């Protein structure tokens, strides 16, 4: 895509997540949030609850509420505190409390209006309330639009591990309004770019080339560039999820950088680093491991580091335990969901093949962690 | 079935829950708990965690652990406090803590060894831990053997409503060892009989006739009689669940007596009445409503009351709010999972048809509650 303008009433991109009876569309375009037409796939007539946070809610909840007014019998709002440190049972329970106080029935539709934390928690609440009510993802961060809102992974954190308690539960639709990215803080935009960059090495190096060419436009908030990045990311994710909804195998490749990343998030305490920041540093470590094993070459690692730096992302991990930093990383990674029988499994990049999932000797991983963490 | 003896090495009844890829067997027989062969359907090789409570665990956990020793790499135990009042997030979290402390992986199999509370909580933990690990139901109460362990409904309570937070999540097998019923307190046996009796009016009045003839044997713990009651109950439940796994319609009939019953449990505080006791009083109220609407006749109500009394069950509801008892029942029932748009829907019995689901005017329901609650 070149730098042509993207009109507010321009075309809406529609990507289908093909999962049989659980199929649903992702809509990508401008001014979708305020357009009742964006929600025509959602069952009408029931009550609705918009779940958002205290940052995003004041900006967009009213607009969404107006768009839904003709679609639902009654639309209510609930604002949760903002941040990964609130992705807990206690906050989740605020959603259940709000639903039960209104005697919300089994057809009540939940709308997740926010970033990954709101989407993951609202989706998990929808999966569990009365054993399942419909929900819709309205992601307002780049990270949520390109990754977390798509594919039905929902969860909360446990102090001992990221996303350890959750469900595979698909939304009825994902509505990505590009206009909301205009109010996104630069740090959040960068965090989202980490997940965008991820799709290159695991699935599409031509897209990686495109990202190298358009990184300046993306960071400047250029809408046509963002539209393409969101579209291509969702296409890749839709393709992977349709092949392996419940992560029996292939889907694990979407976790490139996440094994190390989750250790960073849990190790520092949730919320200290943004998820995308942790994934960025994690991808660098996974790339180094790939190089050490002879799967990837030095030039690839350098290109990845350079692009992440241009995206405004950290390329070194933090020290999470000065006494035994690598040991602490390994301990956190042993509860990773890909681990089997105590053996950590890493998503690595293999030249010409994309992502592969492998066990790696602890000693080699320790060495990479020691090299890749800033003291 | 007549009163012939049931040998310890007698035949094992096998009932299939037909749910495509999620199909699984229910095994019913003697001495199954200690027999490794009972678990041959369960994926082998992984770690296992037996979840039980402080009443049942000391009696049976070791026996089960020995039976599983050759099947799993390592078998651990977790004992939770006993009682409906512990069917909460806080207790559920003890399961997650135990799993994460051991860095339990995605293939770890959970065994629910206990009654309905242990089964519902362990099943829900299995549904949520890492977004889903395998689990097996080993029900040790009559209620769990004939109802709660079968069909994949898992949940915890919320202070505002019974089973409000949960998942449809099927076990890999249900193993009903009739021998464990020998240690079941009489009150618990009676509570289980409430769910057994339920199957008569909703699905099989010939079974109701049989129950009238064998109630003395059942209460005396006669194993052939109990074997038949468990078998016929599971057959009916398997048939209903196979037709409607996620309660889109038909499955609601299994909730006969439960709308009033859940109001009793939540209204008195969970644990004051046993679930089966609340269901018994609830079935009487639902039968009276059926009669008032001309669906059932007086003779049916009298037969039901008489059989419940012979089973040692309450046939009057408790007063849960002296100021406005019927109003309080109605308020609790408005958050029932069958309610739609604030309208409570009741499972009623219609002559010649079995169960039907209907809305009923509040005034009529109030009258029945006033008549059926002991002051």
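Chains as they are written, first to last, in the working numbering: chain A, 2 to 376; chain B, 2 to 376. Every residue gets a Cβ at the ideal spot worked out from N, C-alpha and C, and that includes glycine. Keep in mind it's a predicted model, so treat the numbers as computed, not measured.
query: Buried or exposed (CB count within 10 angstroms, at least 16 for buried), residue 344 (chain B); result: exposed
query: Element boundaries [beta strand (DSSP E), containing residue 140 (chain A)]; result: 136 to 140
query: Chain-ordered chain B contacts of residue 159 (chain A) [CB-CB under 9 Å]; result: 94, 97, 98 and 101
query: For residue 147 (chain A), three-class secondary structure by DSSP; result: helix
query: Sufficient close CB pairs (3 or more, under 8 Å) joining the segment 105 to 120 of chain A to the segment 138 to 153 of chain A; result: yes
query: Neighbourhood of residue 365 (chain B) by C-beta distance below 6 Å, restricted to the same chain and skipping five residues each side; result: 293
query: Minimum Cβ-Cβ distance from residue 4 (chain B) to chain A less than 8 Å; result: Reliability of the predicted coordinates at residue 4 (chain B) is poor, the pLDDT of 40 falling under 50, and the value obtained from them is presented with this limitation in mind. Not closer than 8 Å to any Cβ of chain A, the Cβ of residue 4 (chain B) fails to qualify, so no.
query: Bounding residues of the beta strand (DSSP E) (the contiguous stretch that carries residue 359 (chain B)); result: 355 to 360
query: Test item: CB-CB of residue 57 (chain B) and residue 115 (chain B) under 8 Å; result: yes
query: When B:313, B:371 and B:298 are compared against residue 324 (chain B), the one with the closest alpha-carbon; result: B:371
query: Rounded C-alpha distance that separates residue 356 (chain A) from residue 249 (chain A); result: 15 Å
query: For residue 218 (chain B) and residue 226 (chain B), the rounded distance between their alpha carbons; result: 6 Å
query: Three or more C-beta pairs below 8 Å linking the segment 60 to 78 of chain A and the segment 87 to 96 of chain A; result: no
query: Nearest residue (CA-CA) to residue 254 (chain B), options B:204, B:368 and B:269; result: B:204
query: Strand pairing of residue 178 (chain A), partner residues [DSSP]; result: A:30
query: Cβ neighbour criterion (16 or more within 10 Å) applied to residue 3 (chain A); result: For residue 3 (chain A), the pLDDT reaches just 41, beneath the cut-off of 50, and the residue's location in the model is therefore unreliable, although a value from the coordinates is still provided. Label assigned to residue 3 (chain A): exposed.
query: Top-ranked residue by Cα proximity to residue 150 (chain A), from A:156, A:158, A:140 and A:157; result: A:140
query: Contacts of residue 86 (chain B) in chain A (Cβ-Cβ under 7 Å); result: The premise fails here: residue 86 (chain B) is roughly 18 Å from chain A at the closest Cβ pair, so nothing lies under 7 Å.
query: Span of the alpha helix (DSSP H), counted from its first residue to its last, around residue 204 (chain B); result: 187 to 204
query: Per DSSP, the bridge partner or partners of residue 54 (chain A); result: A:81
query: Three-state class that DSSP yields for residue 18 (chain B) in the structure shown; result: strand
query: Any chain B beta carbon closer than 8 Å to residue 363 (chain A); result: no
query: Exposure of residue 189 (chain A), with buried meaning 16 or more beta-carbon neighbours within 10 Å; result: buried
query: Three-way DSSP call (helix, strand, coil) for residue 97 (chain B) in this model; result: helix
query: Where residue 104 (chain A) meets chain B, residues with beta-carbon distance less than 8 Å; result: 335, 336, 340 and 343
query: Chain B within 8 Å of residue 166 (chain A), Cβ atoms only; result: yes
query: Residue 13 (chain B) versus residue 78 (chain A): straight-line alpha-carbon distance, rounded; result: 54 Å
query: Range covered by the alpha helix (DSSP H) that runs through residue 241 (chain A); result: 224 to 244
query: Alpha helix (DSSP H) runs wholly inside the segment 279 to 346 of chain A, at least 4 long, in chain order; result: 299 to 311 and 326 to 334
query: Three-way DSSP call (helix, strand, coil) for residue 348 (chain A) in this model; result: strand
query: 7 Å Cβ shell around residue 128 (chain A) - same chain, five flanking residues per side excluded; result: 155, 168 and 170
query: Neighbour flag for residue 131 (chain B) against chain A, beta carbons, 8 Å; result: yes
query: Local conformation of residue 170 (chain A) per DSSP, three classes; result: coil
query: Any C-beta of chain A under 8 Å from that of residue 108 (chain B); result: yes
query: Member of A:342, A:303, A:224 and A:300 whose CA lies at the smallest distance from the CA of residue 11 (chain A); result: A:224
query: Simplified DSSP assignment, three categories, for residue 118 (chain A); result: helix
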